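In my numbering, the protein residues as written are 19 to 329.
Okay, here's the thing in structure tokens:
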């Protein structure tokens, strides 16, 4: 059985190849039941959470990502999220590869965001705003650069020093925004990867034709854009999967509950978008939104690529 470190995973997942494989997989489909979650009591600390996310193709491969989320690890100077991925032969059940999951998760999330933006954003989009400066945000920049030729890329983060450090990794290609509202109002494409419960992106500030990628929130309490933003994007909303969005995406469930949008305002999911069945952009003035909470198909595609690599 092959074993891959995070460094080896990164080497095995070049952006353009990963994005192309994701597009093909979304269009063709794989089996991916809803992830299972279990609460793990930890004495004297917040409960931990165990997650399992399997996906497979008939007669091909099966991949499963295992996550253990331990909030108490912040006090131990350890990562709060630990992930590993296994790849099996879906016929014989033989284990073929095991890999660390942090880099895989970051890359597949960013690649899916870039794929959605490439299919949904205006063809003349020239400015990209990244909201957040964490691991996912650091991957969003090269992923989006792999699909579009932006004239201007800007980062905003709550802690300016983190935004500055991230921008510095890309030289003159990336700058830091001091004011989020001004940056939002000026951007053609906005990709947000934060863990906020209070919306950072205000719909009233969005210019016509902007595209939003909201990939940070993964619970019904978390949201990155307000209800006005979702209302202005009515009819132009794409989710990664219907089941995941309706069960876990606060950016979808909260505006639905408030009546800001209805179910028909969701134009489709990524499978329908990649097959050309969903048409979220009806005009150059249409505001579009992609909301992702993460899907096992994304882990499957990335893990299959890694397992088949010679790294």
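No residue lacks a Cβ here, since even glycine has one placed at the ideal position from N, Cα and C.
Computed from a predicted model, the values in this text were never measured in an experiment.
Residue environment for residue 303: exposed (fewer than 16 other C-beta atoms within 10 angstroms of its C-beta). DSSP, reduced to helix, strand and coil, places residue 121 within a helical segment of the structure shown. In this structure, DSSP gives residue 157 a helical state, which the three-state scheme calls helix. Residue 193 places its beta carbon less than 8 Å from that of residue 172. For residue 108, the closest of 48, 135 and 88 by C-alpha to C-alpha distance is 48. As a beta-bridge residue in DSSP terms, residue 231 pairs with 209 and 308.
Here residue 230 is actually not in contact with residue 105; their C-beta atoms are around 33 Å apart, not less than 8 Å. For residue 287, the uninterrupted beta strand (DSSP E) run begins and ends at 284-287, by DSSP. In the three-state reduction of the DSSP assignment, residue 279 falls in the coil class. Between the alpha carbons of residue 31 and residue 70 lies a distance of about 22 Å.
Relative to the Cα of residue 250, the nearest Cα in the group 96, 284 and 151 belongs to 284. Assignment of beta-bridge partners to residue 72 by DSSP yields 82. Counting other Cβ atoms within 10 Å of its Cβ, residue 34 stays below 16 and is therefore classed as exposed.
Short of 6 Å from the beta carbon of residue 22, and not among the five residues preceding or following it, lie these beta carbons of its own chain, in chain order: 117 and 324. Secondary structure of residue 94 (DSSP, three-state): helix. Assigned with DSSP and collapsed to three states, residue 114 falls in strand. Of all alpha-carbon atoms in 176, 123, 189 and 182, the one lying nearest the alpha-carbon of residue 198 is that of 176. Sixteen is the threshold: when 16 or more other Cβ atoms of the shown chains lie within 10 Å of the Cβ of residue 255, as they do, the residue is buried. Non-local beta-carbon contacts of residue 77 in its own chain, meaning distances under 8 Å to residues more than five positions away in sequence, involve 108 and 109 in chain order. When the five nearest sequence neighbours on each side are left out, the beta carbons in the same chain lying within less than 7 Å of the beta carbon of residue 91 are those of 97 and 98, in order along the chain. DSSP, reduced to helix, strand and coil, places residue 66 within a strand of the structure shown.
In the DSSP assignment, residue 216 falls outside any alpha helix (DSSP H) and carries neither an H nor an E. Between residue 228 and residue 309, the C-beta spacing is not below 8 Å.
With a cut-off of 8 Å on Cβ pairs, the region 200-217 is in contact with the region 234-246, counting three or more such pairs.
In this structure residue 123 touches residue 101 by the C-beta definition: roughly 6 Å separates them, less than 8 Å.
Remark: fewer than three beta-carbon pairs, one from each stretch, lie closer than 8 Å, so the region 310-323 and the region 151-165 are not flagged as touching. Beta bridge pairing from DSSP links residue 101 with 85. Residue 300 counts as exposed, since fewer than 16 other beta carbons sit within 10 angstroms of its beta carbon.
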